[in-house]
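S.K.: Chains as they are written, first to last, in my numbering: chain R, 5 to 342; chain B, 29 to 333; chain U, 232 to 579.
1) Shorter than 7 Å from the beta carbon of residue 180 (chain B) to some beta carbon of chain U?
2) What residues in its chain sit with their C-beta under 8 Å from that of residue 243 (chain R), if we drop five residues either side in the sequence?
3) Three or more beta-carbon pairs under 8 Å between the stretch 113-123 of chain R and the stretch 233-242 of chain B, yes or no?
4) With distance defined between alpha-carbon atoms, name the residue in U:453, U:454, U:488 nearest to residue 466 (chain U).
5) Residues in the same chain with beta-carbon distance under 7 Å from residue 323 (chain U), minus the five sequence neighbours each way, listed in chain order, please.
6) Decide if the stretch 155-168 of chain B is in contact with the stretch 289-304 of chain B; the criterion is three or more beta carbon pairs, one per stretch, under 8 Å apart.
7) Return the first residue and the last residue of the alpha helix (DSSP H) that residue 8 (chain R) is part of.
8) Compare the C-alpha of residue 267 (chain B) against each of B:318, B:202, B:186, B:164 and name the closest.
9) How many Å lie between residue 251 (chain U) and residue 462 (chain U) at the Cα?
10) Should residue 20 (chain R) be labelled buried (16 or more other beta-carbon atoms within 10 Å of its own) or exposed?
11) Pick from R:13, R:42, R:253: whose alpha carbon is nearest that of residue 2 (chain R)?
12) Of all Cβ atoms in chain R, is any one closer than 7 Å to the Cβ of residue 573 (chain U)?
13) Exposed or buried, residue 302 (chain B), counting other C-beta atoms within 10 Å across all chains shown (16 or more means buried)?
14) Quick check on the DSSP output: the beta strand (DSSP E) that includes residue 43 (chain B) runs from which residue to which?
15) Compare the C-alpha of residue 448 (chain U) against each of U:515, U:476, U:401, U:424 and name the closest.
16) Taking C-beta pairs closer than 7 Å, name the residues in chain R that residue 257 (chain B) reaches, listed in chain order.
17) Please report the straight-line C-alpha distance between residue 511 (chain U) and residue 500 (chain U), rounded to a whole angstrom.
18) In the stretch 125-155 of chain R, which residues sit with their C-beta less than 8 Å from some C-beta in chain B, listed in chain order?
19) Of all the residues that make up the stretch 273-289 of chain U, which are near chain R by a beta-carbon distance shorter than 7 Å?
20) So is residue 65 (chain R) buried or exposed if we call it buried at 16+ other beta carbons inside 10 Å?
21) Can you have a look at residue 202 (chain B) and say buried or exposed, based on whether 16 or more other CB atoms are within 10 angstroms of its CB?
22) If you drop the 5 nearest sequence neighbours on each side, which residues of the same chain put their C-beta closer than 8 Å to that of residue 165 (chain R)?
23) Within the continuous alpha helix (DSSP H) that includes residue 3 (chain R), where are the two ends?
24) Applying the 10 Å Cβ sphere with the 16-neighbour rule, what's the burial state of residue 390 (chain U)?
25) Using only the alpha-carbon positions, how far apart do residue 322 (chain B) and residue 149 (chain B) sit?
26) Determine whether the Cβ of residue 292 (chain R) lies closer than 7 Å to any Cβ atom of chain U.
27) For the beta strand (DSSP E) containing residue 155 (chain R), name the first residue and the last one.
28) May I ask you to report which of helix, strand or coil DSSP gives residue 253 (chain U)?
29) Examine chain U for any beta-carbon lying closer than 7 Å to the beta-carbon of residue 27 (chain R), and answer yes or no.
30) For residue 68 (chain R), name the three-state secondary structure that DSSP assigns.
31) For residue 121 (chain B), count neighbouring C-beta atoms within 10 Å of its own C-beta (all shown protein chains included) and say buried if the count is 16 or more, exposed if not.
32) Taking all protein chains shown into account, do 16 or more other C-beta atoms lie within 10 angstroms of the C-beta of residue 29 (chain B), making it buried, or fewer, making it exposed?
33) Alpha carbon to alpha carbon, what distance is there between residue 153 (chain B) and residue 86 (chain R)?
34) Who are the near neighbours of residue 304 (chain B) in its chain, counting only those whose CB is closer than 6 Å to its CB and skipping five residues on each side?
35) Ordered along the chain, which non-local residues of its own chain (more than five positions away) have a Cβ less than 6 Å from that of residue 212 (chain B)?
36) Does any C-beta atom of chain R lie closer than 7 Å to the C-beta of residue 251 (chain U)?
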């Protein structure tokens, strides 16, 4: 038994495409306790969604888990059969997808789609399931639930549909909710409402949340822990305070510099991260971020940096942090020789 | 909904009228007439016959007479088959074609839909390649080739099945295979591509994330979305198939409406041509309305205006 | 987190921690070469074995139907006395005598038909006719259909409504009726046209062939017109056209640069798939005896003629039937390959 609700250790996952092997995840480790909120940040293609999907056994077709262990709520995910996995999905762990416009089946009513999850995982009768669906709609802040149950997805706005998606996800009171960019496709005002709703529901129901996003602002407002991913690796991991106030990796620093701030002076400009993400089909030998890194050193291009720890939680993979260590250790070595 | 139905019926009447009018004038523009080929008849007798059926009157007058009669439900007598009305001929021949055609459409649906689904699910696997090859060949082989091949192998060489007529269930086998060959292949292709499209949709991932079992995902979530293109195709296809394929009826000597129609065109049996054309047009339009309504039932996003 | 001992085993040197130069950084970036839409599509097409095999078959069939008859020793109209219904590779009595006399006689590869004509050359001519009909009819359909469809889509409103109703009506009339009536109706005017100076080519091409083309031109463009219309309607609404308009791009340039380039892939694919369907229809018409006139053969009429003797001379039927299926199959497979290669939606 683990103390953690989720404990992913050294996960390696590749997509075997016709063009070649794409190493989507390289030694990814994530752990999360009951009721915690973890934010996974990174640009598109960095592997944040792949990590979460593999935890649900939803890895898309040419993808294959190559190593590591995925523990969740008493299950060893990588050893479960598809049938056992189905009992967990939508029940103990559920997910909210990015685009609420396309994530609901257009030909069925809202009620049908919410009740489907309830009927699958509980012994409730149809009438009870319908009652529960109504409760859920109220819970996610949809008025006139009776009427909404009979409506089809195309009759609702984007924000409403995302609320319905949340209702479906919460139908069986999951231990873990994965939110895959839940607000990216929504208007800014709706984004805030949905995030607020999620925080509120988390406090009420006490589930853990994995929040996948490329928006650091979203993470700052609700996550206790943050994993920064780049090219299939976690380049920095820590508490929100660690990441925002003591970032150690150049990529994290770049991300933070690129957030627009209200207190920016007129003459200051936002600093973008120059360059483009790596081609995952031909990953570089060394640190994947090195070609875009301002502080890039010769070693960075040759070798993947080891992990440097800062305290209990906070760690990073960057040669710059090794540099100080190397200098102190060689200095000590030199002193000892004398 | 009521407004929609009214509008559709009005539009249907206009279309049928246009089809009828076009056919009427085109038919009469073509040189030759129903009684010209019968050399045994003297000019006087021909004139008498033409007078009897009103063919000596000016074209426009004949047109208006035909329209008024047709509105009363009277499609006139056949010019070549003496003593029989157009309606009675259609009533006699249509059921024959409809039986063969109906069974064929049923066969095409029962084979095409599941096989298309299987191909989509096993995408890139052996079974998919096999089904794709079969269906591509199926749409490449003209029906007369299918007919003659069947005839030659099953009928003539192996003598397993009777080659002409339509008197026992055995007589149905070859015509049904020949008629359902193309639609089956076409439906398989249609179903495969639309299923592949649906399988890539986000809501399929949602269903999977809910923990819905594989079979139910397909049956409940994918099927209803993927079937729509097939519905569109099957409507008019049904209308054409039940009214009889000329090739199949000719080769297997089936007394159906398709053969009757071609015979009427060749012999300039004006009233029979008109009657059959209007009958077929009406059937196609009805099928299109049915398709629209089925569409609305399957896909709530469709707004019938 | 556990301490990482790696750093001490790596034998790091102080110079490893010197800043990397810009060139060194650049050398690490392996960019995939960026390829344009056409080049990318062509590459995918060439990789598609089935499509390439189909293309080879199409070229081969074109070769035997257009080039080979030019130096083939027999003629499609020529009848040999006493050579009726020869089996493949069989010689007539007279030919046998000539061979015995030391003369060289080209064999009848597929035998002869009931009139004593060499069947191989008739099949070649038949496939020539079928291919000509397929290609010309498709060209006609493409021109009429795309003009009609784009006019309807551009003007919209009432024009669109009336134009599409006409399409519906043509769709609803049984095509066989129109074909028969038209081919009868066109016969006399075309006969007359032949004698008009400057139109003598009508006789060369053959009235029946021309009336088949006219039938196609009048009937089968409706599918193409619908396709083009819906394509243009979607494109007209698309954001990049709105964006181009907002930037003040002139109408002509929008049509050239945005509408046409985005339409052309679908258009090419639809056209390629229309060719087999035209061949299909021609063979069907010929089979019904409404196609090209005797003595000109088409694959459909050859099959139709052979039907009566199916018990005794089945190969007379199987050869044209197999060839027509092969032609249609290759065009279909090649069209599928084109669609897979050039449809942007299927790119990944």
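Every residue, glycine too, gets a C-beta built ideally from N, C-alpha and C. For clarity, every value in this text was computed on a predicted model and none was experimentally measured.
M.R.: Let's see:
1) Taking the second chain and counting its residues from 1, one reaches residue 180 (chain B) at position 152. With 7 Å as the cut-off, residue 180 (chain B) counts as an interface residue toward chain U.
2) Counting from 1 along the first chain, the entry for residue 243 (chain R) is found at position 239. Hits under 8 Å: 228, 229, 230, 317, 318.
3) The stretch 113-123 of chain R, when compared against the stretch 233-242 of chain B, does touch it at the 8 Å Cβ threshold.
4) What you label residue 466 (chain U) is simply residue 235 of the third chain in a count that begins at 1. Checked all of U:453, U:454, U:488; the closest Cα to residue 466 (chain U) is U:488.
5) Locating residue 323 (chain U) in the third chain gives position 92, where the first residue counts as 1. Same-chain partners within the cutoff: 311, 313, 314, 317.
6) Between the stretch 155-168 of chain B and the stretch 289-304 of chain B, the count of Cβ pairs shorter than 8 Å is below three; the stretches do not touch.
7) Within the first chain, numbered from 1, the residue matching residue 8 (chain R) stands at position 4. Where residue 8 (chain R) is concerned, there is no enclosing alpha helix (DSSP H), given that its DSSP letter is neither H nor E.
8) For the purposes of this step, residue 267 (chain B) is identified with residue 239 of the second chain, where counting begins at 1. When each option's Cα is compared against that of residue 267 (chain B), the closest is B:318.
9) As a working mapping, residue 251 (chain U) is identified with position 20 in the third chain. As a working mapping, residue 462 (chain U) is identified with position 231 in the third chain. Their backbone Cα atoms lie some 52 Å apart in a straight line.
10) Sequence index remark: in the first chain, residue 20 (chain R) carries index 16 (1-based). The residue is exposed, with fewer than 16 neighbouring Cβ atoms inside 10 Å.
11) Residue 2 (chain R) lies beyond the residue range present for chain R, which begins at 5 and ends at 342; the question has no answer from this structure.
12) Within the third chain, the letter at position 342 stands for residue 573 (chain U). Not a single CB atom of chain R sits nearer than 7 Å to the CB of residue 573 (chain U).
13) Here the question's residue 302 (chain B) lines up with position 274 in the second chain. Looking at its Cβ environment, which holds 16 or more other Cβ atoms inside 10 Å, residue 302 (chain B) is buried.
14) Mapped onto the second chain, residue 43 (chain B) falls at position 15. Premise fails: residue 43 (chain B) lies in the alpha helix (DSSP H), 30-57, not in any beta strand (DSSP E).
15) As a working note, residue 448 (chain U) is residue 217 in the third chain. Checking every option, the nearest Cα to that of residue 448 (chain U) belongs to U:401.
16) Translated into the one-based positions of the second chain, residue 257 (chain B) becomes position 229. Near residue 257 (chain B) there are no residues of chain R at all, since even the closest Cβ is about 14 Å away, more than 7 Å.
17) In the third chain, counting from the first residue as 1, residue 511 (chain U) sits at position 280. In the third chain, counting from the first residue as 1, residue 500 (chain U) sits at position 269. Their Cα atoms are separated by approximately 17 Å.
18) Against chain B - using a Cβ distance shorter than 8 Å - the residues of the stretch 125-155 of chain R are 125.
19) Here the close residues number zero.
20) As a first step, residue 65 (chain R) is located in the first chain; it is residue number 61 there, counting from the start. Residue 65 (chain R) is exposed by the Cβ-count criterion.
21) Residue numbering aside, residue 202 (chain B) sits at position 174 when the second chain is read from its first letter. Flag for residue 202 (chain B) reads buried.
22) Taking the first chain and counting its residues from 1, one reaches residue 165 (chain R) at position 161. Contacts found: 104, 105, 107, 108, 157.
23) This structure leaves residue 3 (chain R) out entirely; chain R is present only between 5 and 342.
24) By one-based count along the third chain, residue 390 (chain U) stands at place 159. Answer is exposed; the Cβ neighbour count stays below 16.
25) Taking the second chain and counting its residues from 1, one reaches residue 322 (chain B) at position 294. Taking the second chain and counting its residues from 1, one reaches residue 149 (chain B) at position 121. Answer to the nearest angstrom: the Cα atoms are 25 Å apart.
26) The residue given as residue 292 (chain R) occupies position 288 in the first chain. Interface annotation, residue 292 (chain R): not in contact with chain U, CB-CB separation never under 7 Å.
27) Counting from one through the first chain, the residue named residue 155 (chain R) turns up at place 151. Taken as a continuous stretch (DSSP letters only), residue 155 (chain R) belongs to no beta strand (DSSP E), as it is neither H nor E.
28) Looking up residue 253 (chain U) in the third chain gives position 22. Correct three-state label for residue 253 (chain U): helix.
29) The residue labelled residue 27 (chain R) in the question sits at position 23 within the first chain. No, residue 27 (chain R) lies away from the interface with chain U (no Cβ there is under 7 Å from its Cβ).
30) Here residue 68 (chain R) refers to the residue found at position 64 when the first chain is read from its first residue. If DSSP states are grouped into helix, strand and coil, residue 68 (chain R) belongs with the strands.
31) Translated into positions along the second chain, residue 121 (chain B) becomes position 93. Residue burial annotation: residue 121 (chain B) is buried, with at least 16 other C-beta atoms found within 10 angstroms of its C-beta.
32) Taking the first residue of the second chain as position 1, residue 29 (chain B) is located at position 1. Under this definition residue 29 (chain B) is an exposed residue.
33) Your numbering for residue 86 (chain R) matches position 82 in the first chain. Your numbering for residue 153 (chain B) matches position 125 in the second chain. Distance from the CA atom of residue 86 (chain R) to the CA atom of residue 153 (chain B), rounded to whole angstroms, is 20 Å.
34) Position 276 of the second chain, counting from 1, holds the residue named residue 304 (chain B). Cβ neighbours of residue 304 (chain B) beyond the five flanking positions: 289.
35) As a position in the second chain, residue 212 (chain B) is number 184, starting the count at 1. Same-chain partners within the cutoff: 136, 139, 140.
36) Counting from 1 along the third chain, the entry for residue 251 (chain U) is found at position 20. Chain R, which has a Cβ nearer than 7 Å to the Cβ of residue 251 (chain U), makes this yes.
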